[in-house]
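A.B. asks: So the protein lines, in turn, are chains Y and H.
Position one of the first sequence corresponds to residue 17 (the numbering used here), numbered consecutively onward.
Position one of the second sequence corresponds to residue 17 (the numbering used here), numbered consecutively onward.
Where a beta carbon is used, it is the ideal one built from N, C-alpha and C, also for glycine.
These numbers were taken from a predicted model, which means no experiment stands behind them.
Number of protein chains: 2
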Amino acid sequence: MDPHLTVIENGSIAIKGDTIAYIGSDMNPSLSASKIIDANGSIILPGLVNGHTHAAMTLFRGLADDIPLMEWLSGYIFPAESHIDADFVHTGSLLACAEMILSGTTTFCDMYMFADEVAKAAKQSSMRSLVGEGLYDFPSPNYGSIEKGFEYTERLIQKWKNDPLISIAVEAHSPYTCSPYLLKTGHAIAQKHGVPLVIHVAETLTELAEIQAKYGKKPFEFMEFLGILGPHIIADHCVHLDDSEIERMIRHRVNVITNPASNMKLASGIAPVTRLIADGLTVGLGTDGCASNNNLDMLLEMDTVAKLQKIALMDPTALDAVTVLKMATCEGAKACALGDLTGSLELGKKADIIIVDTRKPHLTPMYNPYSHLVYSAGGADVSHSIINGRLVMEYRRLLTLDLEDILFRAKEKAVLVKQWLSRI
Amino acid sequence: MDPHLTVIENGSIAIKGDTIAYIGSDMNPSLSASKIIDANGSIILPGLVNGHTHAAMTLFRGLADDIPLMEWLSGYIFPAESHIDADFVHTGSLLACAEMILSGTTTFCDMYMFADEVAKAAKQSSMRSLVGEGLYDFPSPNYGSIEKGFEYTERLIQKWKNDPLISIAVEAHSPYTCSPYLLKTGHAIAQKHGVPLVIHVAETLTELAEIQAKYGKKPFEFMEFLGILGPHIIADHCVHLDDSEIERMIRHRVNVITNPASNMKLASGIAPVTRLIADGLTVGLGTDGCASNNNLDMLLEMDTVAKLQKIALMDPTALDAVTVLKMATCEGAKACALGDLTGSLELGKKADIIIVDTRKPHLTPMYNPYSHLVYSAGGADVSHSIINGRLVMEYRRLLTLDLEDILFRAKEKAVLVKQWLSRI
Numbered sequence: 017m018d019p020h021l022t023v024i025e026n027g028s029i030a031i032k033g034d035t036i037a038y039i040g041s042d043m044n045p046s047l048s049a050s051k052i053i054d055a056n057g058s059i060i061l062p063g064l065v066n067g068h069t070h071a072a073m074t075l076f077r078g079l080a081d082d083i084p085l086m087e088w089l090s091g092y093i094f095p096a097e098s099h100i101d102a103d104f105v106h107t108g109s110l111l112a113c114a115e116m117i118l119s120g121t122t123t124f125c126d127m128y129m130f131a132d133e134v135a136k137a138a139k140q141s142s143m144r145s146l147v148g149e150g151l152y153d154f155p156s157p158n159y160g161s162i163e164k165g166f167e168y169t170e171r172l173i174q175k176w177k178n179d180p181l182i183s184i185a186v187e188a189h190s191p192y193t194c195s196p197y198l199l200k201t202g203h204a205i206a207q208k209h210g211v212p213l214v215i216h217v218a219e220t221l222t223e224l225a226e227i228q229a230k231y232g233k234k235p236f237e238f239m240e241f242l243g244i245l246g247p248h249i250i251a252d253h254c255v256h257l258d259d260s261e262i263e264r265m266i267r268h269r270v271n272v273i274t275n276p277a278s279n280m281k282l283a284s285g286i287a288p289v290t291r292l293i294a295d296g297l298t299v300g301l302g303t304d305g306c307a308s309n310n311n312l313d314m315l316l317e318m319d320t321v322a323k324l325q326k327i328a329l330m331d332p333t334a335l336d337a338v339t340v341l342k343m344a345t346c347e348g349a350k351a352c353a354l355g356d357l358t359g360s361l362e363l364g365k366k367a368d369i370i371i372v373d374t375r376k377p378h379l380t381p382m383y384n385p386y387s388h389l390v391y392s393a394g395g396a397d398v399s400h401s402i403i404n405g406r407l408v409m410e411y412r413r414l415l416t417l418d419l420e421d422i423l424f425r426a427k428e429k430a431v432l433v434k435q436w437l438s439r440i
Numbered sequence: 017m018d019p020h021l022t023v024i025e026n027g028s029i030a031i032k033g034d035t036i037a038y039i040g041s042d043m044n045p046s047l048s049a050s051k052i053i054d055a056n057g058s059i060i061l062p063g064l065v066n067g068h069t070h071a072a073m074t075l076f077r078g079l080a081d082d083i084p085l086m087e088w089l090s091g092y093i094f095p096a097e098s099h100i101d102a103d104f105v106h107t108g109s110l111l112a113c114a115e116m117i118l119s120g121t122t123t124f125c126d127m128y129m130f131a132d133e134v135a136k137a138a139k140q141s142s143m144r145s146l147v148g149e150g151l152y153d154f155p156s157p158n159y160g161s162i163e164k165g166f167e168y169t170e171r172l173i174q175k176w177k178n179d180p181l182i183s184i185a186v187e188a189h190s191p192y193t194c195s196p197y198l199l200k201t202g203h204a205i206a207q208k209h210g211v212p213l214v215i216h217v218a219e220t221l222t223e224l225a226e227i228q229a230k231y232g233k234k235p236f237e238f239m240e241f242l243g244i245l246g247p248h249i250i251a252d253h254c255v256h257l258d259d260s261e262i263e264r265m266i267r268h269r270v271n272v273i274t275n276p277a278s279n280m281k282l283a284s285g286i287a288p289v290t291r292l293i294a295d296g297l298t299v300g301l302g303t304d305g306c307a308s309n310n311n312l313d314m315l316l317e318m319d320t321v322a323k324l325q326k327i328a329l330m331d332p333t334a335l336d337a338v339t340v341l342k343m344a345t346c347e348g349a350k351a352c353a354l355g356d357l358t359g360s361l362e363l364g365k366k367a368d369i370i371i372v373d374t375r376k377p378h379l380t381p382m383y384n385p386y387s388h389l390v391y392s393a394g395g396a397d398v399s400h401s402i403i404n405g406r407l408v409m410e411y412r413r414l415l416t417l418d419l420e421d422i423l424f425r426a427k428e429k430a431v432l433v434k435q436w437l438s439r440i
């Protein structure tokens, strides 16, 4: 995966510090290494970029499925979330990092409360991430009222600004949960610090109706009216769009993250991904949170996005495997403003690399590596992961995290969740 | 999984010979065992039933994706299939059995050429299966003309009739590739021996148009006209149905196998699964062949069928996890006329049992085992498999198959496939 989609058979990659120092079809004789990984029979790829998730929601995985969206939100997710604290978010984020590393993700973009805990968990895991505090009009269990939310965000930006792994974004939840004041202030903070503004847009028809009723506008139209659209926007979902909305997205070079599994499971709708890519927009791929997916497996998400576009357009050629793999790597990185660092295997880029072991029945024989990665492989086929030059998983053993401890702590938090909900 | 959906926590199951001899919430003190498997932290389930596949097509996995259906068939699949022989089918079927056991399938229903080789591979793997020779009007590389195809099918029925694992069906490819004579004769053979008649029905709109043009009828209408509908029919796909067709399926108690991943990938359409189940039809789940999926992972297929129904109906409550797990176990077994033997954990049933290890980040915490199995788990989470009382996989190691040898032989066959196609 480089800009020319070069496929090297029997090649090698060398890493120096945090950086890719050599890629070629043979071992460079002038290089020596303190550690050599034999990837015979495997595919070496840039680490996958999960463009949109709510990591700590791993702790709500499977809590309430197969129920109407509003009942899911108001009967389970919102009541549970009203109780969460820093430690809850830290534990859930560590659980997510463990799952993501084990399934080939090396970079993720997160939106949640107590975002500093998400950043700390990512740092502890040695994962690359774009993190931000979810901002909205109702009181937050973290920051309380919105002015404190802005302050919290500014502190996050200051705290992590020189970190090699963690980047901070301003994250306004959505045009229907954020006032014009919140959206404009969030935008101003993002512009001031030169960071992205992450926002859910046009996920459900209910949302469209709400914004229409409130402002007489469509979501992107409303955001354009507020003057907050631009190439710093990372718009999650983007399911319900008409020609005029897509025109606006193109005009302002908005970045898109699509979340097909979540959109299917919550019956939100089908994003016009094929068209958005044809129109030249940068479209990455995300799992969304575990409560609506219910996993963080980007290899499965690739399969889902390809198949969903094919069936939606009744066209088996829609969204081919190469395009999908780009969404999960270089395009996703670009969408998250991390394209200079990660998302491809190129000299000088940060060494974010995964190894997919293909010596398995479901990956045999091998006619086309793209097909196998998108349509046949799953997260469990990833054997090694390197992030920023550091080996974080070796033969599926996590090297930066204590898995037993994380699983134990996650189960303790689940007991709390059940207590919270039993009191309703 | 029993008819009452009993969930036993901290229980045990005992097997005597090929049969389930005890199920309960504690170890029965009157039982002793020569082998004990500790399934602590795991879910014990009936083995999954893959209701429709073409096992040997594992050897075409990833050969040609993202291209129009007719180009896929006439440019790749049909030319390659014109060269295949018994050894090719045997190798591909062994590869499929390895993949299926590794992903939790214990029973499969197959349709392919050289079906005796499929049966032999299943027997060698110690898998339960319903196997039949694909019958159609054009010459077959196995049997040549159709009269020989009928003879071959009769010989298969005789050969395997007392086998504890292998059952034989008559398998007429579809109403658009089989003449009325073939369909009626196939039906007569099935009736004579009391075996199922497996057939692809209403998979694509092209097929509907063809049957309409030829016979002025819809697919099930045509089959009803021929007098071949009945509860012995296992109808694969059933995507394009109107009220009158569904009425016919109900009247004749037709069994259905849905194949959502294949239907999405080939852009065939979306089967009205939720409605068929509400109408009381028996609906199982299948992966279809690997050339159109591209794997045989029934745990992933469960996720796909649930999400596809939700998005198709724009209803997050459609096809809940419990219903889906039944499709992949008891309902699938029933659809394949194997419901008396397998598909549930009940005293006296054959011991077809899998163990799903949940001590993993993506299966933690655990609020609802059904949700985890359908929405979070994948084939790689299955640690053990027992078929007909025999342990065939232990801690993911295959006990009945030589995996290295199968992978080696599969790669050799792929070299042949590339040679065949390069000559076109």
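#1: Any chance the stretch 282 to 293 of chain H sits against the stretch 309 to 317 of chain H, with 3 or more Cβ pairs inside 8 Å?
#2: Tell me whether the beta-carbon of Y/GLY300 lies closer than 7 Å to the beta-carbon of Y/MET343.
#3: Is the distance from the Cβ of H/MET409 to the Cβ of H/ILE117 below 7 Å?
#4: Could you spell out the range, first to last residue, of the alpha helix (DSSP H) harbouring Y/ALA102?
#5: By Cβ distance below 8 Å, which residues in the same chain neighbour H/ASN404 in space, the five residues on each side in sequence not counted?
#6: Name the chain Y residues whose beta carbon is nearer than 9 Å to that of H/GLY394?
#7: Please determine, among H/GLY202, H/TRP176 and H/ASN178, the residue with the shortest C-alpha to C-alpha distance to H/TYR152.
#8: Please look up how many angstroms separate the CB atoms of H/TYR168 and H/ASN158, rounded, as I've assumed it's under 8 Å.
#9: Quick one, which of Y/THR107, Y/LEU85, Y/VAL255 and Y/ILE36 has its alpha-carbon nearest Y/HIS70's?
#10: Here's the rule: buried if 16 or more other CB atoms are within 10 angstroms of the residue's CB, otherwise exposed. What is H/TYR192?
#11: My assumption, with CB atoms under 8 Å, is that Y/ALA114 sits in contact with Y/LEU414. Please give the rounded CB distance.
#12: What are the partner residues of H/MET343, as DSSP defines its beta bridges?
#13: What is the residue span of the beta strand (DSSP E) that Y/ALA49 lies within?
#14: Using CA coordinates, which residue listed in H/ALA218, H/SER28, H/TYR128 and H/GLY57 is at the minimum distance from H/SER48?
#15: Relative to the C-alpha of Y/ILE53, which residue among Y/ALA135, Y/SER401, Y/LYS350 and Y/THR380 is closest?
#16: Taking the beta carbon of H/ASP304 as the centre, do at least 16 other beta carbons fall within 10 Å, making it buried, or is it exposed?
#17: Since H/ASP126 sits in a beta bridge, which residues does DSSP pair it with?
#18: Mind listing, in chain order, the continuous beta strand (DSSP E) runs of no fewer than 3 residues lying wholly within the stretch 268 to 344 of chain H?
#19: What residues from chain H crowd round Y/HIS388, counting only those whose CB sits closer than 8 Å?
#20: From this set, H/GLY348, H/ALA393 and H/PRO385, which residue's C-alpha is nearest H/LEU64's C-alpha?
#21: Give the single residue among Y/SER156, Y/THR121, Y/ASP397 and Y/GLU87 whose Cα lies nearest to the Cα of Y/HIS99.
#22: Give the DSSP-derived three-state secondary structure of Y/ARG439 in the structure shown.
#23: Let's see if you can read the secondary structure: which residues bound the alpha helix (DSSP H) around H/ALA206?
#24: Taking the CB atoms as reference points, tell me whether Y/LYS323 and H/MET280 lie closer together than 7 Å.
#25: Using a Cβ cut-off of 8 Å, pull out every chain H residue sitting near Y/ASN384, in sequence order please.
#26: Return no unless some Cβ of chain H is closer than 7 Å to the Cβ of Y/ILE293.
#27: Return the first residue and the last residue of the beta strand (DSSP E) that H/SER58 is part of.
#28: Taking H/LEU75 and H/LYS429 to be in contact with their CB atoms under 8 Å, please state how far apart those CB atoms are, rounded to whole angstroms.
#29: Just reading off the beta strand (DSSP E) that H/ASP252 is part of, what are its end residues?
#30: Sort out for me which residues DSSP pairs Y/VAL217 with in a bridge.
#31: Reducing DSSP to helix, strand and coil, say where Y/TYR38 ends up.
#32: Give the residues of chain Y in contact with H/MET330, contact being defined as C-beta atoms less than 7 Å apart.
#33: Using a C-beta cutoff of 7 Å, does Y/MET17 count as contacting chain H?
#34: Tell me the residue span of the alpha helix (DSSP H) that contains H/GLU170.
#35: Count the other C-beta atoms from every protein chain shown that fall within 10 angstroms of the C-beta of Y/VAL431, then say buried if there are 16 or more, exposed otherwise.
#36: Determine whether the Cβ of H/LEU297 lies closer than 7 Å to any Cβ atom of chain Y.
C.D. replies: If we stick to the structure as given:
#1: No, they do not touch.
#2: Yes. Within cutoff.
#3: Yes, they are a contact pair.
#4: Where Y/ALA102 is concerned, the enclosing alpha helix (DSSP H) stretches over 102 to 118.
#5: The answer, listed in chain order, is ASP34, SER142, ARG144, PRO180, LEU181, LYS366, ALA367 and ASP368.
#6: For H/GLY394, the neighbours in chain Y by C-beta distance under 9 Å run, in chain order, ASN311, ASP313, LEU316, GLY394, GLY395 and ALA396.
#7: Of the candidates H/GLY202, H/TRP176 and H/ASN178, the one whose C-alpha sits nearest the C-alpha of H/TYR152 is H/GLY202.
#8: The beta-carbon distance between H/TYR168 and H/ASN158, rounded to whole angstroms, is 7 Å. This is short enough to meet the 8 Å contact definition.
#9: The option with the nearest alpha carbon to Y/HIS70 is Y/THR107.
#10: Buried, because 16 or more other Cβ atoms sit within 10 Å of the Cβ of H/TYR192.
#11: With 8 Å as the limit, Y/ALA114 and Y/LEU414 qualify as a contact, their Cβ atoms being about 6 Å apart.
#12: Partner(s): none; H/MET343 has no beta bridge.
#13: Note, Y/ALA49: premise wrong, no beta strand (DSSP E); not H, not E.
#14: Checked all of H/ALA218, H/SER28, H/TYR128 and H/GLY57; the closest Cα to H/SER48 is H/SER28.
#15: When C-alpha distances from Y/ILE53 are compared across Y/ALA135, Y/SER401, Y/LYS350 and Y/THR380, the shortest belongs to Y/SER401.
#16: That one is buried.
#17: H/ASP126 has H/THR69 and H/VAL147 as its beta-bridge partners, per DSSP.
#18: Runs of the beta strand (DSSP E) inside the stretch 268 to 344 of chain H: 271 to 274 and 299 to 301.
#19: Chain order gives the chain H residues near Y/HIS388 as ARG77, GLY78 and ASN310, where near means a beta carbon separation below 8 Å.
#20: Ranking H/GLY348, H/ALA393 and H/PRO385 by Cα distance to H/LEU64 puts H/GLY348 first.
#21: For the residues Y/SER156, Y/THR121, Y/ASP397 and Y/GLU87, the minimum Cα distance to Y/HIS99 belongs to Y/SER156.
#22: Three-state DSSP puts Y/ARG439 in coil, outside helix and strand.
#23: Start and end: 196 to 209.
#24: Against a cut-off of 7 Å, the Cβ pair of H/MET280 and Y/LYS323 comes out as a contact.
#25: Proximity of chain H to Y/ASN384 at the Cβ level (cut-off 8 Å) is accounted for by GLY78, LEU79 and ASP81, in chain order.
#26: Y/ILE293 does not count as touching chain H.
#27: Where H/SER58 is concerned, the enclosing beta strand (DSSP E) stretches over 58 to 62.
#28: The beta carbons of H/LEU75 and H/LYS429 sit about 5 Å from each other, so the pair counts as a contact at 8 Å.
#29: Where H/ASP252 is concerned, the enclosing beta strand (DSSP E) stretches over 249 to 253.
#30: Beta bridge pairing from DSSP links Y/VAL217 with Y/HIS253.
#31: Y/TYR38 falls in the strand class under three-state DSSP.
#32: Under the 7 Å cutoff, chain Y gives ALA283.
#33: In terms of beta-carbon proximity, Y/MET17 stays away from the interface with chain H, with every pair separated by 7 Å or more.
#34: Segment 162 to 176, the alpha helix (DSSP H) holding H/GLU170.
#35: So Y/VAL431 counts as exposed.
#36: Not an interface residue.
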